[in-house]
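This report concerns only the one structure given below.
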Amino acid sequence: MTDMWHGRTCLVTGGAGFGGSHLVRELVDRGARVTVIDREAIPGKPLEDTGVEDAITFVHGDLRDGPLVRSLFADSTFDVVLHLAADPIVANSLRDPEGVVDSNVRGTTTLLEACRLADATPLFVFASSGAYYGDNFTPEPIPETQDPGPAANLYGPSKAAAEMIVRGYGKAFRIPVTACRFMNTYGPGDRHESRLVPRALAQLAGGIEYDFGDRDDGSTRLDFLYVGDMARAYMSAAEHLAAGGSEIAFNFGTGTLTSVMDVAERLSLAYDGRAREPRFRGVRTGPVRQKRLDVAKAEALLGWTATTSLDEGLAATAAWHREAVPAL
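Take the position in the sequence shown, starting the count at 1, then add 47; the result is the number in my numbering.
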């Protein structure tokens, strides 16, 4: 890290959420002046757990509200915009695909338009996703040069579309932009039980059957990135832009594949030292799903590497959950 953050004015969209709250805490600790906009109120959100509410400006609102977003830029000059706000829940993209696409794409466009019209052009860091690349079934790491691929839901395509719009605004209006593509972030503060780690912790705390349903047979192999490493990645990408860098996308991950069965087994041990047998009731009908990203560019150009091992990250997440959600 450099000292560029001291006194910098930063707008973090989605900053009351899981990943956003960790980023906000990092920014505040580095001396940045932070404004958060989120369509969810703070109470009960991960940001409340960070204890930085008195150190930030919080705006309750939706990015699709153009007048509200433009008023933020009229009232403040932002040096850096870190755009994390999105609907990231895959189940939502199956239940309400139009709503998810509208939130992820129109919200991004409205924000970029406010940046375009601002008196001073901010640096713009976009939270993309490994879902940009679609489904994958080979263990080879995916480079940033790979095109977007087909997916089984609308979340990935919505993020790919939003990223293309970010890049378009960057080129057409000379806004310094870059996109951060992440893999399967986990860590303290995540309560979305549609995801593997929060679902496992909810079951462990509830003393119920360690059952992960029929969406997977346990063999899927993915790259799991700790949320603290993700927060550092956003900041490294912004520092790259501040230094005049022009790379439009970076992959971030550990570069290691781990099966969801293995993660569930490790998390059980991390939670209370008990070895449980996770139940995955899906039936495999094709090749094993596998996805990891090639992170060589982030290492070479940003000096960024993931520093938290899976076991360390799961232990920290389990410790947070034991305190936040006492076992029954």
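Glycine included, each C-beta is placed from N, C-alpha and C at the ideal position.
- Each of 210, 118, 134, 310 was checked against the Cα of residue 265, and the nearest Cα belongs to 310.
- Rounded to the nearest whole angstrom, the C-alpha separation of residue 148 and residue 201 is 7 Å.
- The Cβ neighbour count for residue 86, taken over all protein chains shown within 10 Å, is at least 16; the residue is labelled buried.
- Per DSSP, residue 193 has no beta-bridge partner at all.
- Within the segment 71-118, the runs of alpha helix (DSSP H) at least 4 residues long that lie entirely inside it are, in chain order, 93-97.
- The beta carbon of residue 334 is closer than 6 Å to those of 184 in its chain, skipping five residues each way along the sequence.
- Partner residues in the beta bridge of residue 269, as assigned by DSSP, are 305, 338.
- Taking a cut-off of 8 Å for Cβ pairs, the segment 271-280 and the segment 60-71 touch, as three or more such pairs fall below it.
- Checking the DSSP bridge columns, you'll see residue 172 partnered with 129, 225.
- Taking the Cα of residue 330 as reference, the smallest distance to any Cα among 358, 120, 263 is reached at 263.
- For the 8 Å CB-CB criterion, residue 157 and residue 111 form a contact.
- With a contact defined as Cβ atoms closer than 8 Å, residue 362 and residue 289 miss out at about 34 Å.
- Cα atoms of residue 93 and residue 123: separation of roughly 25 Å, rounded to the nearest angstrom.
- Collapsing the DSSP output to three states places residue 201 in coil.
- If you look at residue 347, you'll find it isn't in any alpha helix (DSSP H); DSSP assigns it neither H nor E.
- Taking residue 273 as reference, the option from 307, 355, 257, 342 with the minimal CA-CA separation is 355.
- Judged by pairs of C-beta atoms under 8 Å, the segment 130-145 touches the segment 168-181, as three or more such pairs exist.
- Residue 318 is bridged by DSSP to nothing; it lacks a bridge partner.
- With contacts defined by Cβ atoms closer than 8 Å, residue 365 and residue 248 form a contacting pair.
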